[in-house]
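The next block holds one structure in the form of structure tokens; read it before the comments.
2 protein chains.
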Amino acid sequence: MNVHSFIFVPEMRTRDENKEAAIREKAMKMIVDEGFDGLSMQKLAKAANVSPATIYIYYKNREDLLNQLFNHVQQTFYDVALAGFDPLLSFEEGLWIQWKNRLKFILKYPIHFQFYEQFRNSPCINHTDVQISTFKESMKLFVMNAIKKGEMKKMEPEIFWSVAYGTLYSMVKFHLQEIKMMGNDFKLTDAKMKIAFEMVIKALKP
Amino acid sequence: MNVHSFIFVPEMRTRDENKEAAIREKAMKMIVDEGFDGLSMQKLAKAANVSPATIYIYYKNREDLLNQLFNHVQQTFYDVALAGFDPLLSFEEGLWIQWKNRLKFILKYPIHFQFYEQFRNSPCINHTDVQISTFKESMKLFVMNAIKKGEMKKMEPEIFWSVAYGTLYSMVKFHLQEIKMMGNDFKLTDAKMKIAFEMVIKALKP
DNA sequence: TTTGTAAATGAATGTTCATTCATTTATATT
DNA sequence: AATATAAATGAATGAACATTCATTTACAAA
Chain H
38 MNVHSFIFVP EMRTRDENKE AAIREKAMKM IVDEGFDGLS MQKLAKAANV
88 SPATIYIYYK NREDLLNQLF NHVQQTFYDV ALAGFDPLLS FEEGLWIQWK
138 NRLKFILKYP IHFQFYEQFR NSPCINHTDV QISTFKESMK LFVMNAIKKG
188 EMKKMEPEIF WSVAYGTLYS MVKFHLQEIK MMGNDFKLTD AKMKIAFEMV
238 IKALKP
Chain V
38 MNVHSFIFVP EMRTRDENKE AAIREKAMKM IVDEGFDGLS MQKLAKAANV
88 SPATIYIYYK NREDLLNQLF NHVQQTFYDV ALAGFDPLLS FEEGLWIQWK
138 NRLKFILKYP IHFQFYEQFR NSPCINHTDV QISTFKESMK LFVMNAIKKG
188 EMKKMEPEIF WSVAYGTLYS MVKFHLQEIK MMGNDFKLTD AKMKIAFEMV
238 IKALKP
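Each protein sequence line maps, in turn, to chains H and V.
Each number in our numbering corresponds to the 1-based position in the first sequence with 37 added.
Each number in our numbering corresponds to the 1-based position in the second sequence with 37 added.
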């Protein structure tokens, strides 16, 4: 027994990081394609090319897997959403960056987004909310400043969120074809974003 | 064998309508409380106080049960949403009636609404769309008229829908606590509806 | 009261599920 | 090369799953 035994134990087989990622991605794909009941541990193991038992090395159980997936996606989302954003920006510029960032995330990780939305709308959420503070605090500060500076009407945060982002998320869902309105598709372009954004700004101004 | 045999066969045990309703309501409750994977036919049978086999008298299988539930809720929704509505109404008045009707439905049938939303956001929808035409045609006519009369900016239907209803549905979800923003609750009162509605009208006007 | 019919049932079936465990494998250090 | 350790595994387990079926039950007409 060497001196490192209690600090760092190096004599071991190393983890295959690819396996972890494969499990994560396949799990989200299965949930998006087939729903929560479509995700079984054995089907997931087969899809990710691992043994069922391997999944239980990375995740305590099925529920833990789902929660860790959710937290992973949430963290990625926060990172993308905060890029280039500063709560001291002007209201219009700041909100536009938010819209663009959110769309960027959705187009880059459509599976992650759809998994996230499905999870959020599902009943059995374990609101872990560990790392969230930074993001939420930043957003709160941004809105408070906008009101103080007279760039936005004073209103409850839920009403603000609904006007500012409810509109955006609705368009995104049309874009991802979760909801088909008429026969034809709706493609969310930059131009359409701008049109809707101008309307939202008009609505929020004092 | 009597003369009625081929037209009306009355010598039979009558159906218990209560059972059908019990199955329907309990099924939606289970899905809203525990998600789609929380609905098992045996648990449902126990909750509705019937035999598992009885469910299969009313519904071909699990999938058929879900689809029939969805269609049932959709029909109820359309009935409520169209009450007092006329596509020839002024834009502002017509849209306000829509908002009030939709909220009325949601407050009267919160379980139905939450089931409906969960179903719409789930991947495996069999878009049956049988009786929908009347409702959708009425809505389309209403929006076309509003544009023609210059009460509303010309825009794609999906953008209109997102601004007009995306906002409302977002507030409703806050109200039903599907999404908790801060610690405290958000109660969607008539006054708050009116505030948001005025903002939306401002956004949509030319 | 008897009778024909469909409603309603409880037990049974075969399948799929999440999870576990005894064993094997790969690797970083010695 | 030897070793210690955790990674990785395939087969196994028992529970829960959707669905079926041989019976029984209730009802409306005769």
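For glycine and all other residues, C-beta sits at the position ideal for the given N, C-alpha and C.
All values derive from a computational prediction rather than experimental measurement.
Within its own chain, the residues whose Cβ lies closer than 7 Å to the Cβ of residue 234/H, once the five positions on either side in sequence are excluded, are 133 and 136, listed in chain order. Between the region 67-85 of chain V and the region 145-162 of chain H there are three or more C-beta pairs closer than 8 Å, enough to call the two in contact.
Pairwise C-beta distances place the region 111-128 of chain V out of contact with the region 75-82 of chain V, as fewer than three of them are shorter than 8 Å.
In this structure, residue 102/H places its C-beta atom within 8 Å of the C-beta atom of residue 64/H.
The beta carbon of residue 64/V does not come within 8 Å of any beta carbon belonging to chain H, so the residue lies off that interface. A residue is called buried when at least 16 other Cβ atoms come within 10 angstroms of its Cβ; residue 61/V meets this threshold and is buried. With a threshold of 8 Å between beta carbons, residue 195/H makes contact with chain V. Annotation for residue 139/V: 118 and 205 place their beta carbon closer than 7 Å to its own, counting only its chain and skipping 5 residues before and after. The beta carbon of residue 188/H lies closer than 6 Å to those of 128 in the same chain, with the five residues before and after it left out.
Distance from the CA of residue 49/H to the CA of residue 94/H, rounded to the nearest whole angstrom, comes to 15 Å. Within chain H, the residues whose beta carbon sits less than 7 Å from that of residue 160/V are 69, 70, 71 and 72, listed in sequence order. Counting only runs of at least 3 residues, the region 111-177 of chain V fully encloses no beta strand (DSSP E) element at all.
Taking 8 Å as the CB threshold, residue 153/H stays off the interface with chain V.
Its chain contains 82 as the residues whose beta carbon lies nearer than 7 Å to that of residue 88/H, once the 5 sequence neighbours on both sides are disregarded; these appear in chain order. Residue contact check for residue 170/H against chain V: no CB pair falls below 8 Å. Under the 8 Å Cβ criterion, the region 142-154 of chain V counts as touching the region 96-116 of chain V, having at least three qualifying pairs. Per DSSP, residue 226/V is not a residue of any alpha helix (DSSP H), being assigned neither H nor E. The C-beta of residue 133/V comes no closer than 8 Å to any C-beta of chain H. Under the DSSP assignment, residue 192/V falls outside any alpha helix (DSSP H); it carries neither an H nor an E label. Pairing residue 243/H with residue 190/H gives a Cβ-Cβ distance under 8 Å. Of the residues assessed, residue 98/H falls on the exposed side of the cut-off, its CB having fewer than 16 other CB atoms within 10 angstroms. Those residues of the region 183-211 of chain V placed with their C-beta closer than 8 Å to a C-beta in chain H are 190, 192, 193, 194, 195, 196, 198, 199, 200, 202, 203, 204, 205, 206, 207, 208 and 211, ordered along the chain. Exposed is the label assigned to residue 214/H, since fewer than 16 other Cβ atoms lie within 10 Å of its Cβ. Residue contact with chain V for residue 232/H: present (Cβ-Cβ distance below 8 Å to some residue of chain V). Using a CB distance cut-off of 8 Å, residue 229/H counts as an interface residue toward chain V. Put simply, of 198/H, 203/H and 197/H the residue whose alpha carbon is nearest the alpha carbon of residue 198/V is 203/H.
For residue 95/H, the enclosing alpha helix (DSSP H) begins and ends at 89-95. Boundaries of the alpha helix (DSSP H) around residue 78/V: 78-85. Judged by beta-carbon spacing, residue 240/V lies beyond the 8 Å limit of residue 229/H, meaning their Cβ atoms are not closer than that value. Here residue 106/H is buried: its Cβ has 16 or more other Cβ atoms, across all protein chains shown, within 10 Å. The beta carbons of residue 223/V and residue 57/H sit no closer together than 8 Å. For residue 211/V and residue 175/V, the gap between their C-alpha atoms comes out near 29 Å. The beta carbon of residue 75/H lies closer than 6 Å to those of 67 in the same chain, with the five residues before and after it left out. In terms of CA proximity to residue 186/V, 126/V leads the group 86/V, 90/V, 126/V and 104/V. Pairing residue 192/V with residue 143/H gives a Cβ-Cβ distance that is not under 8 Å.
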